[in-house]
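A.B. asks: Can you read through this structure? Questions will come right after.
Residue numbers (our numbering): 7 to 730.
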């Protein structure tokens, strides 16, 4: 009995030990995966607690048909790699990494890779920067190596790499997209869905923590358990990775090229003129869409363009289109236009909203800006002028002030007192400094000549052209020099100053012999040997003429010739130089020359006699305006008032008035003439024998009748010169 009990007692511990071992094995089987998961989570948490790395640059170089891409960072990085299909893409996720690469898209165009896209894919709960390589059809293999602060990726060409690259591009251009209404896909059915780009409504955009987070986020994040598990990174030994990557010839662009291209794109005009190539630069797409929601359409544009799109909540509706090989940015603009939408580009974000919404926001911003400006404190500045008059600028300056500002003129100091907000005062001062500039001055020389009609006729019929190898056309009297266009004698070629010659009749001789002496101051040839043949087509000079003057359409082209002609006219008694005034006037300022007399006129009013003076003078008023080409526009007004004591009333003479006004364009140094102010005098006299001279018929034998008519003309020769 005792023995049997002992046996039973000995067996119980054995059974208990076997059961315990089974339970321990079962628990161990369940705990090992949990331990591995906990270890993995602990590693992830430890990695997230480390300071975030930053991607700083991407460099690309082609080596023997291989595409070599080097990604630089500021500290150790460990990317996770996986592939996506339809189309083929290689994705690198950089955990705990910020994106500081200054572009979002880098064209590569090799036999294996089309382009590279990079963006800040995730900011919470952890930072993830995603880099996507769009692969060509028939791409080859690739190798990934990780160094201390960089990643080197080498793409080897496939078997069909010998085919022309144009074939690959043509195949890419023939891609067709068919979009269906969007519905959140199941994570198990579509592995790697986390790589797709979604559109964030504007209402949710406020939660973005940094500009880089403007990259579109997934519409419904897929469960992590359903995502495709990335393949482990095949790292190479450090000895093989220490070789520096080749440096490319050109670095990446400083600004996102797609955003810049989208900002510069403009819709074609209504008449369809112009080529799309100069307006749009996106890669071509072929689409056939029917009633596709706008949200899904802009998702496609975000994927194809590699841009960050944020939709306003009011953007709704569907879209239908069928396009073949049209640039994606042109498709984007056409969709905006057809649906009454517009875009707003801020940094790397493209915001799409209704036109009315954006216009209202712009009005509100402008109103807020004006309100902030008007709320600023007023300041007062005193601006003293140097050249302009303060009262002349008050109208222009007042247009720049705000409703709270004032502009006051102080004529004593020639200053403007400005009271306004600081921004408005700055604009007013800039305008004042631009207008307060010294004006160019014009010297106006006038010669006022009283001449007979015969003198005017004489100087009007002598004209001609210099023959031979003379370089310029000569206008003037016999053997004189001068140039058409107002050029002064100093610009005339030396050959024009050849000594007087009997055979040619040219030159300016002053000694009276055949050879003469060259001189710019001698305009005529005198002496016994010089015959003054001249080179004129019409030559009807006066009997004793020292020279002549050519007049072409009322313009005299040389001042020296003018003096010679007037001198010749005075010698013949046909002309008289009344006055030769000279005055300097500023640009667009009036100059007045007056010569004459002021005679007193007594006026009796209420038994009170007062004396008033009236002008009987010759007045020339000229207003010069310098053109951009250096010519001078003259506003001329001539007025000749003379006292006629022969028609006096109560001893007060009447006034004869002649007036002429014109506007002419004269070259610098040229001369213009104004004539037509005439004074005719008729005199009839009769001498006869008293008695006999009054008899009919035979009385003419005993009397002498004389009829005299004298016509005088006032000529104004005006020569403007720019004072330099």
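The beta carbon of each residue, even a glycine, is placed where N, CA and C say it ideally should be.
Fair warning: this is a prediction, and the values are worked out from it, not measured in the lab.
Between the alpha carbons of residue 318 and residue 401, how many angstroms are there, rounded?
C.D. replies: As a position in the chain shown, residue 318 is number 312, starting the count at 1. As a position in the chain shown, residue 401 is number 395, starting the count at 1. Answer to the nearest angstrom: the Cα atoms are 46 Å apart.
A.B. asks: Looking only at its own chain, which residues have a Cβ that is under 7 Å from the Cβ of residue 701, when we skip the five neighbours before and after it?
C.D. replies: The sequence position of residue 701 within the chain shown is 695, counting from 1. Result list for residue 701: empty, nothing under 7 Å.
A.B. asks: Checking 7 Å against the spacing of the C-beta atoms, do residue 391 and residue 345 come in under that value?
C.D. replies: By 1-based counting over the chain shown, the position of residue 391 is 385. By 1-based counting over the chain shown, the position of residue 345 is 339. Cβ atoms of residue 391 and residue 345: not closer than 7 Å.
A.B. asks: On the DSSP letters alone, give me the boundaries of the beta strand (DSSP E) that residue 331 sits inside.
C.D. replies: Position 325 of the chain shown, counted from the first residue, corresponds to residue 331. From DSSP, the beta strand (DSSP E) with residue 331 extends over 324-333.
A.B. asks: What distance in whole Å lies between the Cβ atoms of residue 709 and residue 690, which are believed to be in contact at a cut-off of 8 Å?
C.D. replies: Counting from one through the chain shown, the residue named residue 690 turns up at place 684. Counting from one through the chain shown, the residue named residue 709 turns up at place 703. Not quite, the Cβ-Cβ distance comes to about 13 Å (not below 8 Å), so this is no contact.
A.B. asks: Check whether the Cβ atoms of residue 133 and residue 58 lie closer than 7 Å to each other.
C.D. replies: Here residue 133 refers to the residue found at position 127 when the chain shown is read from its first residue. Here residue 58 refers to the residue found at position 52 when the chain shown is read from its first residue. Yes. Within cutoff.
A.B. asks: Do residue 292 and residue 331 have their CB atoms nearer than 7 Å?
C.D. replies: Here residue 292 refers to the residue found at position 286 of the chain shown. Here residue 331 refers to the residue found at position 325 of the chain shown. Their beta carbons are under 7 Å apart, which means residue 292 touches residue 331 by this criterion.
A.B. asks: Taking the continuous beta strand (DSSP E) assigned at residue 89, which residues delimit it?
C.D. replies: To locate residue 89, count along the chain shown from 1; it is residue 83. 86-90 is the extent of the beta strand (DSSP E) around residue 89.
A.B. asks: Are there 16 or more other CB atoms within 10 angstroms of the CB of residue 153, so buried, or fewer, so exposed?
C.D. replies: Translated into positions along the chain shown, residue 153 becomes position 147. Flag for residue 153 reads buried.
A.B. asks: What is the C-beta distance between residue 759 and residue 447, in whole angstroms, given that I count them as a contact (C-beta under 8 Å)?
C.D. replies: In the structure as shown, the chain starts at 7 and stops at 730, and residue 759 therefore has no counterpart that could be examined.
A.B. asks: Please go through the same chain and pick out, in chain order, the residues whose beta-carbon is closer than 6 Å to the beta-carbon of residue 705, but skip the five residues on each side of it.
C.D. replies: In the chain shown, residue 705 corresponds to position 699, counting from 1. Closer than 6 Å at the Cβ level, and outside the excluded window around residue 705, lie 699.
A.B. asks: I want to know whether the stretch 379-396 touches the stretch 410-428 - three or more CB-CB distances under 8 Å.
C.D. replies: At 8 Å Cβ cutoff, the stretches touch.
A.B. asks: Going by C-alpha to C-alpha distance, which of 101, 99 and 89 sits closest to residue 147?
C.D. replies: The residue labelled residue 147 in the question sits at position 141 within the chain shown. Closest by alpha carbon: 89.
A.B. asks: CA-CA distance, residue 157 and residue 383?
C.D. replies: If you number the chain shown from 1, residue 157 lands on position 151. If you number the chain shown from 1, residue 383 lands on position 377. Straight-line Cα distance between these residues: approximately 56 Å.
A.B. asks: If you draw a straight line from the C-alpha of residue 638 to the C-alpha of residue 632, how long is it?
C.D. replies: For the purposes of this step, residue 638 is taken as the residue at position 632 of the chain shown. For the purposes of this step, residue 632 is taken as the residue at position 626 of the chain shown. In a straight line, the C-alpha of residue 638 is about 5 Å away from that of residue 632.
A.B. asks: Does the separation of the CB atoms of residue 328 and residue 294 fall below 7 Å?
C.D. replies: Along the chain shown, one-based indexing puts residue 328 at 322. Along the chain shown, one-based indexing puts residue 294 at 288. Closer than 7 Å, so yes.
A.B. asks: May I ask which residues mark the beginning and end of the beta strand (DSSP E) holding residue 389?
C.D. replies: For this step, residue 389 is matched to residue 383 along the chain shown. 385-390 is the span of the beta strand (DSSP E), which, as asked, contains residue 389.
A.B. asks: What are the complete beta strand (DSSP E) segments, minimum 3 residues, inside the stretch 417-463?
C.D. replies: For the stretch 417-463, whole beta strand (DSSP E) runs of length 3 or above, ordered along the chain, are 421-426 and 447-458.
A.B. asks: Would residue 193 be called buried (16 or more neighbouring beta carbons within 10 Å of its own) or exposed?
C.D. replies: For the purposes of this step, residue 193 is taken as residue 187 along the chain shown, with counting starting at 1. In this prediction, residue 193 has a pLDDT of 37, which is less than 50 and means its spatial position is unreliable; what the coordinates show is noted afterwards. Under this definition residue 193 is a buried residue.
A.B. asks: Just how far apart, CA to CA, sit residue 119 and residue 376?
C.D. replies: Start at 1 with the first residue of the chain shown, and residue 119 comes out as number 113. Start at 1 with the first residue of the chain shown, and residue 376 comes out as number 370. Rounded to whole angstroms, residue 119 to residue 376 spans 52 Å at the Cα level.
A.B. asks: Closest by CA to residue 103, which one among 135, 92 and 360?
C.D. replies: Here the question's residue 103 lines up with position 97 in the chain shown. With distances taken between Cα atoms, residue 103 lies closest to 135.
A.B. asks: Rounding to the nearest angstrom, what Cα-Cα distance links residue 625 and residue 722 in this structure?
C.D. replies: To locate residue 625, count along the chain shown from 1; it is residue 619. To locate residue 722, count along the chain shown from 1; it is residue 716. Computed Cα separation, rounded: 11 Å.
A.B. asks: Since residue 107 contacts residue 63 with CB under 8 Å, what's their CB separation in whole angstroms?
C.D. replies: The residue given as residue 107 occupies position 101 in the chain shown. The residue given as residue 63 occupies position 57 in the chain shown. At roughly 6 Å, the Cβ-Cβ gap stays under 8 Å, so residue 107 and residue 63 are in contact.
A.B. asks: Please name the residue in 661, 614 and 646 whose C-alpha comes closest to that of residue 653.
C.D. replies: Taking the first residue of the chain shown as position 1, residue 653 is located at position 647. Minimum Cα distance to residue 653 is reached at 661.
A.B. asks: What is the residue span of the beta strand (DSSP E) that residue 308 lies within?
C.D. replies: Numbered from 1 along the chain shown, position 302 holds the residue referred to as residue 308. Note, residue 308: premise wrong, no beta strand (DSSP E); alpha helix (DSSP H) at 300-311.
A.B. asks: Report buried or exposed for residue 404, applying the criterion of at least 16 other Cβ atoms within 10 angstroms of its Cβ.
C.D. replies: Here residue 404 refers to the residue found at position 398 when the chain shown is read from its first residue. With fewer than 16 other Cβ atoms within 10 Å, it is exposed.
A.B. asks: Which residue's Cα is closest to the Cα of residue 681: 695, 665 and 655?
C.D. replies: Counting from one through the chain shown, the residue named residue 681 turns up at place 675. Comparing Cα positions, the closest option is 665.
A.B. asks: So what does DSSP say about residue 130, is it helix, strand or coil?
C.D. replies: The count along the chain shown starts at 1 and reaches residue 130 at position 124. The answer is coil: DSSP assigns residue 130 none of H, G, I, E or B.
A.B. asks: Return yes when the Cβ of residue 340 is within less than 7 Å of the Cβ of residue 325, no when it is not.
C.D. replies: For the purposes of this step, residue 325 is identified with residue 319 of the chain shown, where counting begins at 1. For the purposes of this step, residue 340 is identified with residue 334 of the chain shown, where counting begins at 1. No; because the gap between Cβ atoms is not below 7 Å, this pair is not in contact.
A.B. asks: Looking at residue 143: is its Cβ nearer than 7 Å to the Cβ of residue 160?
C.D. replies: The count along the chain shown starts at 1 and reaches residue 143 at position 137. The count along the chain shown starts at 1 and reaches residue 160 at position 154. It is not a contact, given that the beta carbons lie outside the stated cut-off.
A.B. asks: Could you give the DSSP three-state label for residue 697: helix, strand or coil?
C.D. replies: Taking the first residue of the chain shown as position 1, residue 697 is located at position 691. Three-state DSSP puts residue 697 in coil, outside helix and strand.
A.B. asks: What residues in its chain sit with their C-beta under 6 Å from that of residue 645, if we drop five residues either side in the sequence?
C.D. replies: Numbered from 1 along the chain shown, position 639 holds the residue referred to as residue 645. Cβ neighbours of residue 645 beyond the five flanking positions: 625 and 665.
A.B. asks: On the DSSP bridge assignment, give the partners of residue 112 in chain order.
C.D. replies: Position 106 of the chain shown holds residue 112. DSSP, once it has assigned bridges, lists 122 as partnering residue 112.
A.B. asks: Straight-line CA distance for residue 362 to residue 409?
C.D. replies: Sequence index remark: in the chain shown, residue 362 carries index 356 (1-based). Sequence index remark: in the chain shown, residue 409 carries index 403 (1-based). Approximately 29 Å, taken between the alpha carbons.
A.B. asks: In the DSSP output, which residue or residues are listed as bridge partners for residue 656?
C.D. replies: Along the chain shown, read from residue 1 onward, the residue named residue 656 stands at position 650. Partner(s): none; residue 656 has no beta bridge.
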